[in-house]
Amino acid sequence: MSSSVTAPSEPASPMSPERLARENLPLAKYLAVEKARSAQHVDLDDLLSAAYLGLATASMEYEPERGIPFGAYARTKITWAILNEMRSADPAGERSREKIERVRVADEIVRARTGRAASVPELAAESGLDADVVVKMQVLDEMVRTGTSFEVQFEGDDSRQPVDLTDSVILPEHAVEQAEKQRMLDRIIGALPDQMRRVIRGVYLDERMVKDVAADLEVSHAYVSKLRRVGLTLMREALDAWENGTVPDRSTATKAAFFDGVFGPVAVPSGRGARDAVSSSVDLTGLALPA
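Under the numbering used here, the first residue of the sequence shown is numbered 127, with each subsequent residue one higher.
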């Protein structure tokens with residue numbers, strides 16, 4: 127009677143740091159986008175840059191023999207990197223951030239009413255702040271948003287891989303619905319105000335540098351960053367309303383015009399049932415962005 131001996135299998139070799147980082151990029155993007163929802167004083171690209179740095183650090187320092195899943199280990203490193211970026215990018219402080227937000231809201235109100243950039247006296251009247259305080263808050267706002275710009279770090283680097291717009295708005299665990307959401311994204315982008323739509327299209331869809339988009343629009347780098355930030359916020363609100371069947375906030379003229387363009391002036395999305403209605407009754411090809 128013969129017997130056979132099976133050789134023990136070789137233990138799986140650990141992943142290289144490069145592969146760990148590459149396969150966990152969606153986690154870094156997700157954490158950065160989630161933090162950007164509440165930390166509007168920091169540019170999304172800065173948070174993404176910090177998240178990638180945290181992921182790279184985690185992949186190089188990870189010790190699989192300790193038995194900790196890499197995802198859990200990386201999440202901690204990424205979160206700390208994002209928090210450090212927020213602290214370093216915020217010279218304003220809590221009180222000044224509140225004033226900065228008042229100036230931002232005042233600027234949006236004046237722009238919606240007049241169709242042009244607000245003057246300092248108009249911002250002062252609308253926000254209830256003194257004119258010199260408005261000027262100071264504008265300076266701080268620009269410092270906060272552009273002090274460590276992602277574009278400046280990669281300026282002249284043709285190897286830069288731009289952030290995909292869908293990844294910036296859609297959470298990784300919803301990837302199975304990505305095609306459906308992409309159709310809705312086309313509709314949402316088409317409803318954005320002209321300059322905002324051109325910024326979103328230029329940076330995320332045409333993969334252009336922010337400085338080039340700014341040159342085409344004849345505006346500052348900081349203003350393009352602001353348009354992008356506000357645009358992504360509006361897009362997230364529209365996606366949330368579509369996904370959850372909630373009523374979007376139409377409290378300003380800009381928001382009302384945008385959500386009217388997405389959902390119609392009367393119709394309100396009603397959860398998953400609204401998806402079929404949008405997909406079946408609206409010709410999405412007619413909502414394609416201008417060439």
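Using N, Cα and C, we set each Cβ at its ideal position, and we do this for glycine too.
Note that this is a predicted model, so its numbers are computed, not measured.
| Asked | Found |
| --- | --- |
| Round the Cβ separation of L163 and R362 to the nearest angstrom and send it over; I've been treating them as touching at under 8 Å. | One detail in the question is off: residue 163 reads as Arg in this sequence, not Leu. R163 to R362, Cβ: 7 Å. Contact. |
| Suppose the cutoff is 7 Å on Cβ atoms and the five residues either side in sequence are ignored; what does the same chain contact list for L353 look like? | Q321, M322, V325 |
| Just reading off the alpha helix (DSSP H) that M186 is part of, what are its end residues? | 170-187 |
| Just the Cα atoms here: how many angstroms apart are M310 and V246? | 38 Å |
| Counting only beta-carbon separations shorter than 7 Å, does F385 have a partner in chain C? | Within the model displayed, chain C is absent; a lone protein chain is all it includes. |
| Spatial neighbours of V388 within its chain, please: CB distance less than 7 Å, with the 5 preceding and 5 following residues excluded, ordered by chain position. | R313, I314, A317, A364 |
| Under a Cβ-count criterion, where at least 16 other Cβ atoms within 10 Å of its own Cβ denotes burial, should N150 be classed as buried or exposed? | buried |
| In terms of residue numbering, what span does the alpha helix (DSSP H) encompassing D359 cover? | The question names Asp, but residue 359 in the sequence shown is Thr. Element bounds for T359: 347-370. |
| Can you say whether T380 is buried or exposed, counting buried as having 16 or more other CB atoms within 10 angstroms of its CB? | buried |
| Go to G387, then tell me how far its alpha helix (DSSP H) extends in each direction, as first and last residue. | 379-389 |
| How many Å lie between A393 and D256 at the Cα? | Because A393 carries a pLDDT of 46, less than 50, the predicted location of this residue cannot be relied on, and no value is offered for it. |
| Counting pairs of beta carbons, one from the region 175-183 and one from the region 200-215, are three or more of them closer than 8 Å? | yes |
| Grab me the residues of P288's own chain with a C-beta within less than 6 Å of its C-beta, minus the 5 sequence neighbours each way, in chain order. | Since pLDDT at P288 reaches only 40, below the 50 mark, its modelled position is unreliable, and the value read off the structure follows with that caveat. E333, listed in sequence order. |
| Going by DSSP in three states, I194 sits in which element: helix, strand or coil? | coil |
| Apart from the five residues just before and just after R74, which ones in its own chain have a Cβ nearer than 6 Å to its Cβ? | This structure gives no information on residue 74, because the portion of the chain shown stretches from 127 to 417. |
| Apart from the five residues just before and just after R145, which ones in its own chain have a Cβ nearer than 6 Å to its Cβ? | none |
| Output the boundary residues of the alpha helix (DSSP H) element that contains V339. | 336-343 |
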